[in-house]
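**Student:** Position one of the sequence shown corresponds to residue 1 (this note's numbering), numbered consecutively onward.
This structure is in structure tokens; I'll ask about it shortly.
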Amino acid sequence: MIRYTLPAFVGVLVLIAQRQPTGAAPVAEEIKVFSTSIQPMLKTYCIKCHNNDTQEGGVNYAAIRDDSIAITKRGLWKRAFKRIESGEMPPEGAKPLAPADKESLVRWMKFAAEYVDCDPSRRDPGPSIARRLTRTEYNLTVRDLFGFPFDSGSAVGMPEDGGGEHFDNLAADLSFEEYARSVVNAAHAAGMDVRFSTR
Ligand code: HEC
């Protein structure tokens, strides 16, 4: 008889199920202007009062070290362009903004304040959903583990894959509970005495 324990069996399937592709897409060209031309201007006109030690108004421009941080600071850019446009920043007595610099700062900050980053790897997608294997993934895994050809649909009543939006492996379409049940059924098929519990 086959002597795999169920936890190990489920563990292997869960591990395989959670392999997800990663990799950040490049930051948009317009945002990249930050490190080449915006950051130097902040250094010239603003950083004196908005740095790690002196954070006037709770604002620290020294902490925005690169494009990928700049991209996440929409609220800050919104407050900044309003203060610059109104002439409040830089305040009286500080080095005044050259008109061309003022224009470029405000234009870029407005853009950055509106910018929506479409790269899912930089957005917070919330907690990741555990997903079951697709039928095909499941069949191949059982074949690898136990060495017999397996049709999860007919053998253990594995539900159809969601088929959402042309992908068969979307987490939302692959319910884990149904999957756990079918894993138990597969274990039964392999001669193991196990029961399914949701607790
Ligand atoms: C000489 C010092 C000084 C310089 C230079 C300076 N600031 Fe400020 N900044 C302050 C002080 C003081 C405050 C807090 C009081 C206030 O809100 O007016 C402040 C507040 C702010 C705030 C917070 C406003 C809010 O909504 O709470 C922003 C945004 C800001 N500054 C942007 C800038 C920008 C952009 C520059 C450069 C173009 C700049 N500051 C240059 C002194 C400075």
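Idealized CB from N, CA, C, for every residue including glycine.
Just to check my reading of the structure: I71 and D117 have Cβ atoms closer than 8 angstroms, yes? What is that Cβ distance to the nearest angstrom?
**Tutor:** About 6 angstroms separates the beta carbons of I71 and D117, which is inside the 8 angstroms limit, making them a contact pair.
**Student:** Does the beta-carbon of K48, which I'm using as the reference point, lie nearer than 6 angstroms to any heavy atom of the ligand HEC?
**Tutor:** yes
**Student:** Can you determine whether any heavy atom of the ligand HEC sits closer than 6 angstroms to the C-beta of V59, and answer yes or no?
**Tutor:** yes
**Student:** Please classify T141 as buried or exposed, where buried requires at least 16 other C-beta atoms within 10 Å of its C-beta.
**Tutor:** With a 10 Å radius around the Cβ and a threshold of 16 neighbouring Cβ atoms, T141 comes out buried.
**Student:** Around the C-beta of A190, are 16 or more other C-beta atoms found within 10 angstroms, so that it is buried, or is it exposed?
**Tutor:** In summary, A190 is buried, with 16 or more beta-carbon neighbours lying within 10 Å of its beta-carbon over all protein chains present.
**Student:** Please confirm whether any heavy atom of the ligand HEC lies closer than 6 angstroms to the CB of E92.
**Tutor:** no
**Student:** Between D67 and S104, is the Cβ-Cβ spacing less than 7 angstroms?
**Tutor:** Cβ distance not < 7 angstroms, so D67 and S104 don't count as in contact.
**Student:** According to DSSP, simplified to helix, strand and coil, what is P21?
**Tutor:** Its pLDDT being 47, under 50, P21 is placed unreliably by the model, and nothing is read from it.
**Student:** Does the region 41-53 come into contact with the region 91-107, if we say contact requires no fewer than three beta-carbon pairs (one atom in each stretch) closer than 8 angstroms?
**Tutor:** yes
**Student:** With burial defined as no fewer than 16 other Cβ atoms inside 10 Å of the residue's Cβ, what is the status of S37: buried or exposed?
**Tutor:** exposed
**Student:** Assuming W77 contacts A113 (C-beta within less than 8 angstroms), just tell me the rounded distance between them.
**Tutor:** 4 angstroms
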